[in-house]
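Inspection log for the structure reproduced underneath, given as structure tokens.
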Amino acid sequence: MLGFLKKPVVVSMEINMNLMALTVMGLISRLWGLSYPRAVVFDEVYYGQFVSLYMKRIFFVDDSGPPFGHMLLALGGYLGGFDGNFLWNRIGAEYSMNVPVWSLRLLPALAGALCVPLAYQILVELQFSHCAAFGAALLILLENSLITQSRFMLLESVLIFFILLAVLSYLKFYNLQRHSSFSGSWWFWLLLTGVACSCAVGVKYMGLFTYVLLLTIAGLHFWHMIGDQNLSNVALMCHFLARGLALIIIPVAMYLSFFYVHLILLYRSGPHDQIMTSAFQASLEGGLARITQGQPLEVAYGSQITLRNVLGKPMQCWLHSHTNTYPIRYDNGRGSSHQQQVTCYPFKDVNNWWIVKDPGMQQLVVSNPPRPVRHGHIVQLVHGITTRYLNTHDVAAPVSPHSQEVSCYIDYNISMPAQNLWRVEIVNRESDTDVWKTILSEVRFVHVNTSAVLKASGFLFQLSGASLPEWGYRQLEVVGEKLSKGYHQSMIWNVEEHRYGKSQEQKEREVELHSPTQMDISKNLSFMAKFTELQWKILTLKNEDTEHKYSSSAFDWITMDTNIAYWLHPTSGAQIHLLGNVVTWASANVAALLYTCLSLWYLIRRRRKIYDIPEDAWQLWVSAGGVCGGGWAVNYLPFFLMEKTLFLYHYLPALTFQILLIPVVLQHLGNHLCRSLLLKSMFSALVVAWFSSVYLVYCTFSPVTYGEPPLSAAELKDLRWKDSWNILIRKQ
255 MLGFLKKPVV VSMEINMNLM ALTVMGLISR LWGLSYPRAV VFDEVYYGQF
305 VSLYMKRIFF VDDSGPPFGH MLLALGGYLG GFDGNFLWNR IGAEYSMNVP
355 VWSLRLLPAL AGALCVPLAY QILVELQFSH CAAFGAALLI LLENSLITQS
405 RFMLLESVLI FFILLAVLSY LKFYNLQRHS SFSGSWWFWL LLTGVACSCA
455 VGVKYMGLFT YVLLLTIAGL HFWHMIGDQN LSNVALMCHF LARGLALIII
505 PVAMYLSFFY VHLILLYRSG PHDQIMTSAF QASLEGGLAR ITQGQPLEVA
555 YGSQITLRNV LGKPMQCWLH SHTNTYPIRY DNGRGSSHQQ QVTCYPFKDV
605 NNWWIVKDPG MQQLVVSNPP RPVRHGHIVQ LVHGITTRYL NTHDVAAPVS
655 PHSQEVSCYI DYNISMPAQN LWRVEIVNRE SDTDVWKTIL SEVRFVHVNT
705 SAVLKASGFL FQLSGASLPE WGYRQLEVVG EKLSKGYHQS MIWNVEEHRY
755 GKSQEQKERE VELHSPTQMD ISKNLSFMAK FTELQWKILT LKNEDTEHKY
805 SSSAFDWITM DTNIAYWLHP TSGAQIHLLG NVVTWASANV AALLYTCLSL
855 WYLIRRRRKI YDIPEDAWQL WVSAGGVCGG GWAVNYLPFF LMEKTLFLYH
905 YLPALTFQIL LIPVVLQHLG NHLCRSLLLK SMFSALVVAW FSSVYLVYCT
955 FSPVTYGEPP LSAAELKDLR WKDSWNILIR KQ
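See below:
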């Protein structure tokens, strides 16, 4: 029974020393002197703001992409005990002592370091020699641009890590497919592929390019499986469902989880609230929530409301009126109705309050029980302070003469009767009997007499300066738009602040309009409603792209005709630049060109039934090109279609794949084109000499990669290998 004790328990382990050495070298190259410089470096000024907001739990919107990458940077700050108190307003600003610089830069540096062993393993899984794989890893290790980008609080190294992890995981899964389908390791690598793809997309939307590439490769592999007669229909269906679960359902679920955690963490009101809807703002702690908490949910006849335009761009604004009237004649000679002005005002004000009135009754208070307003009901909107009715008629608007003027009606005892009936249309209704609800309902007001729709027209022309003139206090114009096909957001309004009116007398009502309300109805949005709105804002909210000193075009990247100065020491010549290893970049271009030419040659020859290389070598060549060449293409070519400010660092994911193609081409040349022993020896010597030049260039540019040691003006001039490089040299 105790016989197993007669022999010792032995645990055996295989350690790949190549992999261990590469990992250690990667960590040293990325982590050495990580806290230097202790100053804000280039885009740290951008990402640092979001880290501070995470530390303070303040909501924000970043139109550059999903929140997962930001959360990883914030995790570094959290682990370092960062309290979020630092003013991120200037590149080169010295960090205060409360900023854990090493911790904030740690995760990008670790991601960059781990890209080195990942490159090695990818080449091994592609069935290339360990020598070629080791060469690929060394090229990643000695690539100056990848080192620079991974040593600061930036996201490209994290993106590249998850991209390479996704590729490696899929290759391992595919290689296991041949002999151990549905085993534990098979499931592990398949699931890890989906997780890594989701993380890549969650860091930056550029991760979608590699995700689509892997889905395409997986689709091709499954298409080949369909032709395998050894697989039953049930087995094929199981394979299909497994891939669908791992490569589609899990990534989507994880993507949603990034936003869920993001919204859980950022529960406080902040500077980006105004671009969100009233319902979203009211769900945040502080800000609008302090005003709207406990308001009545259902709008009733007699309700006192403020109406916010849903569009919210270029600024949020509320339906507003004041005692001033439109001028009798405008500067261009056109006449007006001389009625009371109605505008869209971008600030909270007592003149933003309106009373919902039943046209068949005179009272301006809510009855008991309240009579709710429903979709399709006819109402009058009475301005709370001046008690004049919202009106429109066949008079041209002041700034948009193609539209109708909107005013508050003044009876001048002339042949211009009031036209103040409006039909309430709830755009996001679930049925035609829906009740008009505070914050949640998005409504259009359709004029009964003319069918014009109440619209904040100033939004469409704000950038060209077409707000009202001085007589309208530069407020945004409100018009009646007759051509109202569809539901443009400038025509849609929602009730933001709401109370049930109790005072029939005007003086008492004015006091009531100035006072806050407190009633017990909550309006919490579901997670999916918040996610949908936030995702839409991220995709559609675009800051004005301005020309940057270091912006570049995609054409400049291949030949590295551009660089970016990341940091400059205030007194010495020490500086950090995003510059690549010139030899590596040129070699990657040559490798891509050779691969393309050789592939075309082989294809033409194979079409003529001439097979220059064995079939297994051809399949190896094609699969490597699909992964490495395809990875370069999908991560580079889309930038030619993008209308945004581009920088050299956008090329780094594509460059990484192109670098992996170099040892693929070298091994192919050595194995199949160098037939004699002499040629092989000469080729090996050339490869060693070439690799020595890569290392030499790495060492030459390491002072502007790490920022140390400081260089003299003459040494900096020597580093300007291209006239287009902007190496900063101080005047003596």
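Taking this note's numbering, the leading residue of the sequence shown gets 255, the next gets one more, and so forth.
Even for Gly, the Cβ is constructed at its ideal location relative to N, Cα and C.
Quantities reported herein were computed from a predicted structural model and do not represent experimental measurements.
For residue j and residue i, the rounded distance between their alpha carbons
| i | j | result |
| --- | --- | --- |
| Gly366 | Arg522 | 33 Å |
| Gln873 | Pro505 | 30 Å |
| His823 | Tyr301 | 21 Å |
| Phe436 | Leu499 | 13 Å |
| Arg728 | Pro671 | 29 Å |
| Glu969 | Asn817 | 17 Å |
| Ser621 | Ile693 | 22 Å |
| Trp356 | Phe314 | 25 Å |
| Val958 | Gln829 | 6 Å |
| Gly323 | Tyr459 | 11 Å |
| Glu724 | Ser654 | 16 Å |
| Gly524 | Ala536 | 12 Å |
| Phe476 | Cys451 | 19 Å |
| Ala842 | Val265 | 43 Å |
| Gln772 | Gln558 | Because the pLDDT at Gln772 is just 45, under 50, the model does not fix this residue reliably, and the point stays unresolved. |
| Ser383 | Asn889 | 26 Å |
| Lys784 | Phe534 | 7 Å |
| Gln483 | Gly473 | 18 Å |
| Trp886 | Leu909 | 7 Å |
| Cys851 | Ala845 | 10 Å |
| Gly719 | Val295 | Residue placement at Gly719 cannot be trusted, given a pLDDT of 35 that sits under 50; what the coordinates show is reported in the next sentence. About 37 Å. |
| Asp815 | Asn748 | 51 Å |
| Leu902 | Thr277 | 26 Å |
Integer-rounded CB distance, given that residue j should sit under 8 Å from residue i
| i | j | result |
| --- | --- | --- |
| Ile394 | Ile913 | 6 Å |
| Leu565 | Ala420 | Actually they are not in contact, since the Cβ atoms of Leu565 and Ala420 sit about 38 Å apart, beyond 8 Å. |
| Tyr1060 | Leu519 | Given a span of 255 to 986 for the chain in the structure shown, any question on residue 1060 remains unanswerable. |
| Glu696 | Ile632 | At roughly 19 Å, the Cβ-Cβ gap does not stay under 8 Å, so Glu696 and Ile632 are not in contact. |
| Val627 | Val678 | 6 Å |
| Tyr514 | Phe781 | 6 Å |
| Leu409 | Val457 | 6 Å |
| Tyr374 | Ala391 | 4 Å |
| Ile471 | Gly880 | 6 Å |
| Met530 | Lys791 | 7 Å |
Coarse secondary structure for residue i, derived from DSSP in three states
| i | result |
| --- | --- |
| Val649 | strand |
| Arg683 | coil |
| His324 | helix |
| Ile632 | strand |
| His384 | helix |
| Gln594 | strand |
| Ser266 | coil |
| Asn605 | helix |
| Cys369 | helix |
| Val506 | helix |
| Lys784 | helix |
| Ser357 | helix |
| Gly280 | helix |
| Glu764 | helix |
| Gln829 | strand |
| Ser705 | coil |
| Trp821 | strand |
| Ala846 | helix |
| Asn272 | helix |
Cβ-heavy atom distance, residue i to the ligand NAP, below 7 Å
| i | result |
| --- | --- |
| Leu517 | The ligand NAP is absent from the structure shown, which contains no ligands of any kind. |
Any C-beta of chain E under 8 Å from that of residue i
| i | result |
| --- | --- |
| Pro917 | No chain E is present in this structure, which holds just one protein chain. |
Test item: CB-CB of residue i and residue j under 8 Å
| i | j | result |
| --- | --- | --- |
| Val596 | Ser657 | no |
| Ala496 | Leu430 | no |
| Asn674 | Tyr643 | yes |
| Val837 | Val951 | yes |
| Leu468 | Tyr424 | yes |
| His592 | Tyr580 | yes |
| Tyr849 | Leu915 | yes |
Exercise for review: Return the chain-ordered ranges of every alpha helix (DSSP H) run that is complete within the region 417-474 and spans a minimum of 4 residues.
Suggested key: 438-457
Review point. Mind pulling the alpha helix (DSSP H) runs of 4 or more residues that sit fully within the region 916-971?
Key: 931-960
Review point. Enumerated in chain order, which unbroken segments of the alpha helix (DSSP H) with a length of 4 residues or greater are wholly contained in the region 849-913?
Key: 869-878, 884-890
Check your understanding: Considering only residues of the region 508-584, which uninterrupted beta strand (DSSP E) runs meet the minimum length of 3 residues and lie entirely inside it, listed in chain order?
Key -> 557-563, 572-579
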